[in-house]
Every structure is written in C-alpha cells, then in structure tokens.
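> I have a structure here, written as structure tokens, and I will follow up with some questions on it.
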Amino acid sequence: MGWAGRLFDARDTLVRTVLLDLSGVGYLVFGTQAGHPPTGTQWILAVAAFGVALLLHRRPVVNLVVQTALLAVAICLVDDIMINQVGASWALLEVTMRARRARTIWLAATLLAVVDLTDSIGDPPGKVASGVVGLALEVGVPVLLGLVIRTNRELSRQAVERTVAEQRRRESEGRAARADERSAIARELHDVVAHHVASMVLRVGVARHVLTDLDPRVDEVFDDVHGTGSAALSELRRLVAVLRDPDGVRGDAALTAIEPSALPAALGATVDRARRAGITVQADIDPAVGSLDAVRGLAVLRLTQEALTNVARHAGPSALAQLVVAVQDGAVHWEVTDDGHGGGRGLAPGSAGRGGRPAVVPDGGGHGITGMRERVEVLGGRLEVGPTDTGWRVRAVLPHVGAASAAGKPVVSPPRVAPAGSPAPEPEPA
Numbered sequence: 115m116g117w118a119g120r121l122f123d124a125r126d127t128l129v130r131t132v133l134l135d136l137s138g139v140g141y142l143v144f145g146t147q148a149g150h151p152p153t154g155t156q157w158i159l160a161v162a163a164f165g166v167a168l169l170l171h172r173r174p175v176v177n178l179v180v181q182t183a184l185l186a187v188a189i190c191l192v193d194d195i196m197i198n199q200v201g202a203s204w205a206l207l208e209v210t211m212r213a214r215r216a217r218t219i220w221l222a223a224t225l226l227a228v229v230d231l232t233d234s235i236g237d238p239p240g241k242v243a244s245g246v247v248g249l250a251l252e253v254g255v256p257v258l259l260g261l262v263i264r265t266n267r268e269l270s271r272q273a274v275e276r277t278v279a280e281q282r283r284r285e286s287e288g289r290a291a292r293a294d295e296r297s298a299i300a301r302e303l304h305d306v307v308a309h310h311v312a313s314m315v316l317r318v319g320v321a322r323h324v325l326t327d328l329d330p331r332v333d334e335v336f337d338d339v340h341g342t343g344s345a346a347l348s349e350l351r352r353l354v355a356v357l358r359d360p361d362g363v364r365g366d367a368a369l370t371a372i373e374p375s376a377l378p379a380a381l382g383a384t385v386d387r388a389r390r391a392g393i394t395v396q397a398d399i400d401p402a403v404g405s406l407d408a409v410r411g412l413a414v415l416r417l418t419q420e421a422l423t424n425v426a427r428h429a430g431p432s433a434l435a436q437l438v439v440a441v442q443d444g445a446v447h448w449e450v451t452d453d454g455h456g457g458g459r460g461l462a463p464g465s466a467g468r469g470g471r472p473a474v475v476p477d478g479g480g481h482g483i484t485g486m487r488e489r490v491e492v493l494g495g496r497l498e499v500g501p502t503d504t505g506w507r508v509r510a511v512l513p514h515v516g517a518a519s520a521a522g523k524p525v526v527s528p529p530r531v532a533p534a535g536s537p538a539p540e541p542e543p544a
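To get the working numbering, take the position in the sequence shown, counting from 1, and add 114.
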C-alpha cells in the first residue's frame, strides 16, 4: 500500500484532518488575494471549521452537519467561502468512505447540495451555470472519490477473505490426505504385518506344546521368541491405534517414552536379548542414565536396540559388540562397535573395506540408520556411522536439553512417561 492508500485508510482520520487544517491555514495566510487579507469573521468561521474537524474526526456524519451549517453561515456573511466549502466537501468524503449504509451517503450529499445552491439564488443565468459546475466539484467529486476508495477497500477485504478461505481449504485437504495415508498404513500393518506376526507367535506356542522333551536351551529360545512376538503384537496394535486416531491416543505416554529409572533395566534386557541371539556383547552402562529425561532415555534405548539388531544382521551371530553409554556434563555419549568377524549374511562381494568389513552400510531395504539419525538430530545431537579397522562403529552425542536450546537446535519437550513396572519397549522395525 502506497502513501496515498495509507492516507485514506479508515484508521488515519486524525492525520488527514490535521493536514487539511494546515492547508486551510496556509490558504488564509498566503492564498488570499493581495490587498484583501482575511476578515475577522472569515477567521472565526475558519477556526471553527478547523476545530470542529479535529474534535469530530471520528464522527463523520455529525462533522458533516456542523461543517454544512458553517458553510451556510459563511454564504450569508463573507465573500470568500473557500475554507468552509472545502471543509464541508471533505466531511462528505469522510461520510462516503465510512458510512455503513448507502442512504446515509445520499442524504449527506443532498444536504450539502441544497446548502450550496442557496448561494446561487437570485443570481443571473451565467452565474447560476458556474454555480452548478461548482456544485459538481463540491459534491460530485467527494462522493465519486469516496465510492472508489470504499470499493477498493471492500475488494481488498474480499481478497484477504478468499486467501484465508483457500488456505484453510488446502489445510483441510492436507489433513484429509494425511488421514487417508495413515489409515492405509494402519490397514497394511494390521492386515499384513500383524497377521504374520500373530501367525508366527501362534506356531511357536503350538510347537512348545507339541514338542516334548526338548533341550532346555531350545525351550528357552522358544520362550524368548514367543515373548518377543507377543510384545511386538502389542506394539503393533498400539501403533495402528495411533495411525487411525492420533488425537485419541495422544495421552498414552507408553507409546513415546519410558520411565527414566527403568532405563538401565531396559538396556540390560536389550543386551541379554542380543546375547541370546549369539552375539557377544560387552556393555558399559553408566548408572547415571537412570536420571535422564524421558525423551533422551527412550532415544538411547531405541538406538541400542537398532544398533545391536544391525550387528546381528550384518556382522553375524558370533560377532563381538561393545556398548558404551556414559553421561558427561549432562550430555549422553553412546557408542556401539563390533569386530566384523561374524561372517554375517547379506554382505555384497567386493564391498569389504579394511579388515574385511564393508565400506558402506549393506543394502537391506531398511531405514534403520536413517531413523537413528533423525532420532538423534531432533534432540539436537549428531550421529556418526562408519567402518573401523576391523568392524563397524555407530556413535552419538545427545546434548543436555539446556545446551541444545542455547545452540538454537530443536529440542523435543519430554512427554509423560509410562508407569513404573510397565514392560520396556521392544525394538522398532528397521
């Protein structure tokens, strides 16, 4: 909006009035004909017009009535009525711009036209014609200009409303599309993944009862597979519930966090599960992890689960892995390394780096590393992944919440935690 648009803004009536009054004073001081200075009556009527315009700048109809009355007095008492004519015309412009009903505009224009025509009563025809022209300038121009400004203002308001409505429509369509996507994902999880997991859990349960006199180690494996599958089914059901109705389960803290005091036990259970899978795990877990906030605690648990799962998949079940979790100055230092000597499946020929370890993360169609990196970065930390002399290393630093905020990095506020005694979350699918 340019300076002219701001000048005629409905909120700047006082500015317009002050400028009008200053121009009127300038006319009285410098604009009258030489040798004919303003008379006392002319000064009185002009000052009255200036004062009324300032006092009634927020009441355009009352201002118009008073300015028209002053014009009628000026027609009777003085020869130069320019100041009062301009004051009345400007008052008509304000009424046209700001009146709520069209009838008010036409009544105001009629009142001013009638008063102005009284100045031409009894004049010769030639002077009457000039009076009509003056009437068009005094009444017609303010009404026309006010209607143009009024129309432009209305068009601008409608454009803003259309823009807001279009934005709301797009947001609504976006929410609907995301809801459809979530429903489709939830449907696939329920109909495909959950169905197969449930089938595997059922078969393991049947095998435990059908096969008798099993080696205790085999029976222990059956118990572990059955328990892990049952926990995975529970997590899948809750995940499907989140996808179908995010608002309805927002308060379920068990979906997003773990009680901090339960984190050491949960990490220990994760290490034991990896050992049962055949991996040799050397764990060095700082007891101070039990004092972490819920969000960083869950991140440490999920990183550990994903990293040890990757060791089993890519380094093999006989690999040696080292887990280090330490808390230093409020920051969490987490690291998992393996020796790469397990002879794991899925290593492409020719992809080995130093020590026979692949130079890049093997392609397995999963998104484990990507998910780990996103989980770390959202907490303001960094994730490093790469080969070592003989194996592979994944490490991360999760800064203190206050330090991450001071650095301008995004930090997730800790949600509510799961009640004490609830089972530790199972590994997320990679």
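Note that the Cβ used here is the ideal one computed from N, Cα and C, for glycine as well.
#1: Using a Cβ-Cβ cutoff of less than 7 angstroms, which residues in the same chain neighbour leucine 134 once the five nearest sequence positions on both sides are dropped?
#2: Looking at the secondary structure, which residues open and close the alpha helix (DSSP H) in which alanine 223 lies?
#3: For alanine 68, report the span of its alpha helix (DSSP H) as first-last.
#4: Can you round the beta-carbon distance between glutamine 199 and glutamate 252 to whole angstroms, since I take them to be within the 8 angstroms contact cut?
#5: In whole angstroms, what is the alpha-carbon distance linking arginine 468 and valine 425?
#6: Using beta-carbon positions only, say whether arginine 489 and alanine 435 come within less than 7 angstroms of one another.
#7: Whole angstroms is fine: what's the gap from glycine 505's alpha carbon to aspartate 453's?
#8: Relative to the C-alpha of alanine 160, which candidate in Val175, Arg289 and Ala183 has its C-alpha closest?
#9: Is serine 313 close to chain C? Criterion is C-beta to C-beta, closer than 7 angstroms.
#10: Could you give the first and the last residue of the continuous alpha helix (DSSP H) run that contains histidine 447?
#11: Can valine 441 and aspartate 407 be called in contact, C-beta distance under 7 angstroms?
#12: Suppose contacts are defined by Cβ-Cβ distances below 7 angstroms. Is valine 210 in contact with histidine 171 by that definition?
#13: In whole angstroms, what separates the C-alpha of glycine 460 from that of threonine 326?
#14: I'd like to check one pair, alanine 346 with valine 311: are the Cβ atoms closer than 7 angstroms?
#15: Near glutamine 156, what residues of its chain come up, given a Cβ to Cβ distance below 6 angstroms and the 5 sequence neighbours on each side ignored?
#16: Could you pull the DSSP bridge partners for alanine 547 from this structure?
#17: Can you give me the Cβ contacts of glutamate 449 inside the same chain, cut-off strictly under 6 angstroms, excluding the 5 residues immediately before and after it?
#18: How should proline 69 be labelled, buried or exposed, when 16 other C-beta atoms within 10 angstroms of its C-beta is the threshold for buried?
#19: Grouping DSSP H, G and I as helix and E and B as strand, with all else coil, what is leucine 493?
#20: With arginine 296 and arginine 358 assumed to form a contact (beta carbons below 8 angstroms), what rounded beta-carbon distance in angstroms separates them?
#21: For valine 228, does the count of other Cβ atoms within 10 angstroms reach 16, so buried, or fall short, so exposed?
#22: Decide yes or no for the touch test of the segment 333-352 against the segment 380-393: beta carbon pairs closer than 8 angstroms, at least 3 of them.
#23: Under a three-way DSSP split, which group does proline 152 fall into?
#24: Would you mind reading off the limits of the alpha helix (DSSP H) that contains alanine 510?
#25: Where do the ends of the alpha helix (DSSP H) carrying valine 318 lie?
#26: Give the DSSP-derived three-state secondary structure of alanine 250 in the structure shown.
#27: Just verifying my parser: in three-state terms, what is the DSSP assignment at alanine 440?
#28: Hey, could you find the ends of the alpha helix (DSSP H) phenylalanine 336 is sitting in?
#29: Starting from isoleucine 197, trace the alpha helix (DSSP H) in both directions and tell me its first and last residue.
#30: Any heavy atom of the ligand SAH closer than 6 angstroms to the beta-carbon of arginine 296?
#31: Could you compute how far the alpha carbon of leucine 128 sits from the alpha carbon of serine 270?
#32: Count the other CB atoms within 10 Å of the CB of leucine 512; is the residue buried (16 or more) or exposed (fewer)?
#33: In terms of residues, what are the limits of the alpha helix (DSSP H) holding serine 297?
#34: Just to confirm my understanding: we take tryptophan 220, look at its own chain, exclude 5 residues before and 5 after, and list those with CB closer than 6 angstroms. What are they?
Reading from the atomic positions:
#1: Taking the first residue of the sequence shown as position 1, residue 134 is located at position 20. Answer for leucine 134: Ala167 and Trp204, listed in chain order.
#2: Residue numbering aside, residue 223 sits at position 109 when the sequence shown is read from its first letter. Segment 216-231, the alpha helix (DSSP H) holding alanine 223.
#3: An answer regarding residue 68 cannot be provided, because it is not within the stretch 115 to 544 covered by the chain.
#4: For this step, residue 199 is matched to residue 85 along the sequence shown. For this step, residue 252 is matched to residue 138 along the sequence shown. Correct: roughly 6 angstroms between the Cβ atoms.
#5: Numbered from 1 along the sequence shown, position 354 holds the residue referred to as residue 468. Numbered from 1 along the sequence shown, position 311 holds the residue referred to as residue 425. Residue placement at arginine 468 is flagged as unreliable, the pLDDT there being 35, under the threshold of 50; a coordinate-derived value is accordingly withheld.
#6: Along the sequence shown, read from residue 1 onward, the residue named residue 489 stands at position 375. Along the sequence shown, read from residue 1 onward, the residue named residue 435 stands at position 321. Taking 7 angstroms as the Cβ cut-off, arginine 489 and alanine 435 do not qualify as a contacting pair.
#7: Locating residue 505 in the sequence shown gives position 391, where the first residue counts as 1. Locating residue 453 in the sequence shown gives position 339, where the first residue counts as 1. Computed Cα separation, rounded: 4 angstroms.
#8: Position 46 of the sequence shown holds residue 160. Nearest C-alpha to alanine 160: Ala183.
#9: Included in the structure is just one protein chain, with no chain C present.
#10: Here the question's residue 447 lines up with position 333 in the sequence shown. Run containing histidine 447: none in the alpha helix (DSSP H); it sits in the beta strand (DSSP E), 445-452.
#11: The residue labelled residue 441 in the question sits at position 327 within the sequence shown. The residue labelled residue 407 in the question sits at position 293 within the sequence shown. Their beta carbons are not under 7 angstroms apart, which means valine 441 does not touch aspartate 407 by this criterion.
#12: Position 96 of the sequence shown, counting from 1, holds the residue named residue 210. Position 57 of the sequence shown, counting from 1, holds the residue named residue 171. One point to set straight first is that residue 210 is threonine, not valine, in the sequence displayed. It is not a contact, given that the beta carbons lie outside the stated cut-off.
#13: Counting from 1 along the sequence shown, the entry for residue 460 is found at position 346. Counting from 1 along the sequence shown, the entry for residue 326 is found at position 212. Because glycine 460 carries a pLDDT of 36, less than 50, the predicted location of this residue cannot be relied on, and no value is offered for it.
#14: Here residue 311 refers to the residue found at position 197 when the sequence shown is read from its first residue. Here residue 346 refers to the residue found at position 232 when the sequence shown is read from its first residue. Yes, the pair counts as a contact, with Cβ atoms nearer than the cut-off.
#15: By one-based count along the sequence shown, residue 156 stands at place 42. Around glutamine 156: Val192.
#16: A query on residue 547 cannot be resolved here, the shown segment of the chain reaching from 115 to 544 and no further.
#17: Mapped onto the sequence shown, residue 449 falls at position 335. Counting only Cβ-Cβ distances below 6 angstroms, and skipping sequence neighbours, we find Val438 and Arg509.
#18: Residue 69 lies beyond the range of the chain shown here (115 to 544); nothing can be said about it.
#19: Numbered from its first residue, the sequence shown carries residue 493 at position 379. In the structure shown, leucine 493 sits in coil (DSSP, three-state: anything other than H, G, I, E or B).
#20: In the sequence shown, the residue the question calls residue 296 occupies position 182. In the sequence shown, the residue the question calls residue 358 occupies position 244. Sure, about 7 angstroms apart at Cβ, within 8 angstroms.
#21: On the sequence shown, position 114 is the one that residue 228 refers to. Exposed: under 16 other Cβ atoms inside 10 Å.
#22: yes
#23: Here residue 152 is taken as the residue at index 38 of the sequence shown, counted from 1. Coil at proline 152, not helix or strand.
#24: On the sequence shown, residue 510 is found 396 positions in, with the first residue counted as 1. No alpha helix (DSSP H) holds alanine 510; the beta strand (DSSP E) holding it covers 506-512.
#25: Within the sequence shown, residue 318 is the residue found at index 204, counting from 1. Start and end: 308-324.
#26: Sequence index remark: in the sequence shown, residue 250 carries index 136 (1-based). In this structure, alanine 250 counts as helix in the three-state DSSP scheme.
#27: Counted from its first residue, the sequence shown places residue 440 at position 326. Residue state, collapsed to three classes: strand.
#28: As a first step, residue 336 is located in the sequence shown; it is residue number 222 there, counting from the start. 330-358 is the extent of the alpha helix (DSSP H) around phenylalanine 336.
#29: Stepping through the sequence shown from its first residue, residue 197 is reached at position 83. Per DSSP, isoleucine 197 belongs to the alpha helix (DSSP H) from 196-212.
#30: This structure does not include the ligand SAH; it has no bound ligands of any sort.
#31: By one-based count along the sequence shown, residue 128 stands at place 14. By one-based count along the sequence shown, residue 270 stands at place 156. Looking at the two C-alpha atoms, the distance is approximately 23 angstroms.
#32: By one-based count along the sequence shown, residue 512 stands at place 398. Buried is the call here.
#33: As a first step, residue 297 is located in the sequence shown; it is residue number 183 there, counting from the start. First-last of the alpha helix (DSSP H) with serine 297: 255-302.
#34: Counted from its first residue, the sequence shown places residue 220 at position 106. Result list for tryptophan 220: empty, nothing under 6 angstroms.
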